[in-house]
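So the structure is just underneath, and the comments pick up after that.
Numbering (this note's numbering), first residue to last: 1304 to 1962.
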């Protein structure tokens, strides 16, 4: 590769014709971003602007070879990629100005763009598994479409990237990784933070590499074409490293690089040299005038458009309508497995994957037993890569699949919080609901198995409260099969389903004990209610698999203390609305909330806060049951002291009734 900067001879008509499209795109990108920086200085933009000035040729090189079905995932420095993909200058300008006419209605802003099969997100590295999931979708569709992901050299410090490379290579996915190596991770030189060889990282996973530079952009365009063709024909991942340099700050004006260094790159920049050499060339003058007029009109139209509108907030739930419920008595784990089997049989776009889910193992708790034999390729083992598992699920969901991602233990969800909070939760909202993310994450939680501090936690409280998501919990007074059937018909939100470990061996049963009736409200994911036949003394709300211990406590205080307890078992933990408790609390004036997780900032706290906001006409005496604030011990006698039991619930019921 020549070290000289390539500047085509514009006086040669054939040369100009060969390079005109790429040059026009690169100039459009540069002057659009210069206009954005000017708008920022005028106070017309919100947040931040990460420009790719100096790196403009990467996007046009990729776009030249993409086909209609291909997908492209970009990062925070996405304007150039976006414009090369769709040329939506008006939509980009309006979006960054926060206007309703923007491609995402002003909701996404500079870093979060979506148009057709183009997506971007500002979280470094987190986009890699999503693009990998899109690659899996292309493979399953059995077309020759490919997935492209653009990352920077700073992303090489992110562990989830390597999880994604492993999956992409092991599963032979059509993924093109374009690494724009500009030598800096924000303000820190790559030489300070990165060990080893860049390309060797990809080669270690059996992924081939190519290299080009934006200064020799003619070779970059040709080389990118070869990389795209390699992925499309082989169906395997490939990495194309693009050596480049950004001439402006990481974001707006935060630039600590040496001015002499920047000046040296300014002098060899392809567009700067082109414009200096051909300033009076007719094509250059005409092209720049057209771009300038186009940008002026785009700004004018954006200025005239209203700001983006806030999405409507859901109304408060109405008073529930309770009715008796009946379902077939069945072991909980069997009901879960049957639900997955039904989803796989009825919907060919259902995919189940996770650690050890294939036969003969069938999952750590056997919820996927024998399913891989019946649905080969659609029930598959994933590596121990929790972030990538959920990230791949995000990509599949964006492509229209219905993925069920299993995380072997709920404790391990902490390894994947970025994929839940910054990706699954946000895609639909920040892309103006032009996409849906029907991802279901299943995971067992809870203790009383002697598994110790890192395999026994109930972490639901860490995953509720992310707008755009749903969190459900199984209990033994609702059919898991019915819950999963309802989930398939519900609004396609990213959904976390908590399946308590002890609950797997229990029976989901609709037959109430003597003196009670089992009711459910009319919500999409109903709350179950074990209501006594006489006037209740206490209202009890219990989360998830603690339902079995809670019911034992209810029957005990009935027999020993002659206390009647109105027991509520909510299935939907988020979004949560406590309105369904009002009727019972009007009578009992006493409330106990029990959860197996930590009490501080827990679900119980939220329930009590919402009850206070109900503004009932009298005070409600309350108590909470939760785990002790210690790591959960492995020793079973100590574990029993640390975690809630029927006895601890009994104690709190007695406290609120007797003082």
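Even for Gly, the Cβ is constructed at its ideal location relative to N, Cα and C.
From the options, residue whose alpha carbon lies closest to that of residue i
{"i": "residue 1771", "options": "1586, 1741, 1692, 1760", "result": "1741"}
{"i": "residue 1763", "options": "1752, 1395, 1775", "result": "1775"}
{"i": "residue 1935", "options": "1879, 1962, 1761", "result": "1761"}
{"i": "residue 1450", "options": "1803, 1755, 1542, 1950", "result": "1542"}
{"i": "residue 1676", "options": "1650, 1644, 1957", "result": "1644"}
{"i": "residue 1871", "options": "1933, 1391, 1954, 1778", "result": "1778"}
{"i": "residue 1599", "options": "1437, 1801, 1335", "result": "1335"}
{"i": "residue 1811", "options": "1718, 1633, 1826, 1705", "result": "1633"}
{"i": "residue 1898", "options": "1848, 1467, 1489", "result": "1848"}
{"i": "residue 1660", "options": "1678, 1908, 1310, 1750", "result": "1678"}
{"i": "residue 1908", "options": "1460, 1368, 1844, 1786", "result": "1844"}
{"i": "residue 1581", "options": "1326, 1857, 1861", "result": "1326"}
{"i": "residue 1732", "options": "1615, 1716, 1787", "result": "1615"}
{"i": "residue 1456", "options": "1468, 1662, 1428", "result": "1428"}
{"i": "residue 1953", "options": "1942, 1927, 1346", "result": "1927"}
{"i": "residue 1626", "options": "1683, 1789, 1824", "result": "1824"}
Where residue i falls: helix, strand or coil (DSSP)
{"i": "residue 1771", "result": "coil"}
{"i": "residue 1895", "result": "strand"}
{"i": "residue 1453", "result": "strand"}
{"i": "residue 1736", "result": "coil"}
{"i": "residue 1512", "result": "strand"}
{"i": "residue 1679", "result": "strand"}
{"i": "residue 1662", "result": "coil"}
{"i": "residue 1355", "result": "coil"}
{"i": "residue 1603", "result": "helix"}
{"i": "residue 1474", "result": "coil"}
{"i": "residue 1588", "result": "helix"}
{"i": "residue 1492", "result": "strand"}
{"i": "residue 1426", "result": "coil"}
{"i": "residue 1325", "result": "helix"}
{"i": "residue 1647", "result": "helix"}
{"i": "residue 1799", "result": "strand"}
{"i": "residue 1754", "result": "coil"}
{"i": "residue 1339", "result": "helix"}
{"i": "residue 1458", "result": "helix"}
{"i": "residue 1783", "result": "helix"}
{"i": "residue 1369", "result": "coil"}
{"i": "residue 1807", "result": "helix"}
{"i": "residue 1766", "result": "helix"}
{"i": "residue 1421", "result": "strand"}
{"i": "residue 1305", "result": "For residue 1305, the predicted structure reports a pLDDT of 45, less than 50, and the residue's modelled location is therefore unreliable. The matter cannot be settled from this model."}
{"i": "residue 1263", "result": "Because the chain here runs from 1304 to 1962, residue 1263 falls outside it and cannot be looked at."}
Identified DSSP bridge partners for residue i
{"i": "residue 1877", "result": "1774"}
{"i": "residue 1924", "result": "1893"}
{"i": "residue 1654", "result": "1706"}
{"i": "residue 1542", "result": "1480, 1512"}
{"i": "residue 1747", "result": "1802"}
{"i": "residue 1823", "result": "1626, 1831"}
{"i": "residue 1634", "result": "1810"}
{"i": "residue 1930", "result": "1901"}
Neighbour flag for residue i against chain D, beta carbons, 8 Å
{"i": "residue 1932", "result": "Of the protein chains in the structure, only one exists, and it is not chain D."}
Check whether residue i and residue j have beta carbons under 8 Å apart
{"i": "residue 1354", "j": "residue 1420", "result": "no"}
{"i": "residue 1699", "j": "residue 1654", "result": "yes"}
{"i": "residue 1882", "j": "residue 1620", "result": "yes"}
{"i": "residue 1476", "j": "residue 1439", "result": "yes"}
{"i": "residue 1394", "j": "residue 1383", "result": "no"}
{"i": "residue 1433", "j": "residue 1349", "result": "no"}
{"i": "residue 1840", "j": "residue 1960", "result": "yes"}
{"i": "residue 1610", "j": "residue 1401", "result": "yes"}
{"i": "residue 1513", "j": "residue 1529", "result": "yes"}
{"i": "residue 1782", "j": "residue 1903", "result": "no"}
{"i": "residue 1947", "j": "residue 1852", "result": "yes"}
{"i": "residue 1635", "j": "residue 1799", "result": "no"}
{"i": "residue 1768", "j": "residue 1877", "result": "yes"}
{"i": "residue 1430", "j": "residue 1399", "result": "no"}
{"i": "residue 1725", "j": "residue 1352", "result": "no"}
{"i": "residue 1544", "j": "residue 1482", "result": "yes"}
Stretch-stretch touch, CB-based, cutoff 8 Å, three pairs: the region 1887-1905 with the region 1832-1841: yes
Are the region 1660-1671 and the region 1403-1412 touching, with three or more C-beta to C-beta distances below 8 Å? no
Whether or not the region 1811-1826 and the region 1598-1606 are in contact is what I'm after, with contact meaning three or more pairs of Cβ atoms, one per stretch, closer than 8 Å; do they touch? no
Counting beta carbon pairs with one atom in the region 1589-1597 and one in the region 1510-1525, are three or more of them shorter than 8 Å? no
When the Cβ atoms of the region 1540-1558 are set against those of the region 1341-1361, are three or more pairs found closer than 8 Å? Yes: at least three Cβ pairs fall under 8 Å.
Touching by the beta-carbon criterion (3+ pairs, under 8 Å), the region 1747-1760 and the region 1930-1944: yes
Could you tell me whether the region 1553-1568 touches the region 1489-1498, using the rule of 3 or more Cβ pairs below 8 Å? Because the criterion of three Cβ pairs below 8 Å is met, the region 1553-1568 and the region 1489-1498 touch.
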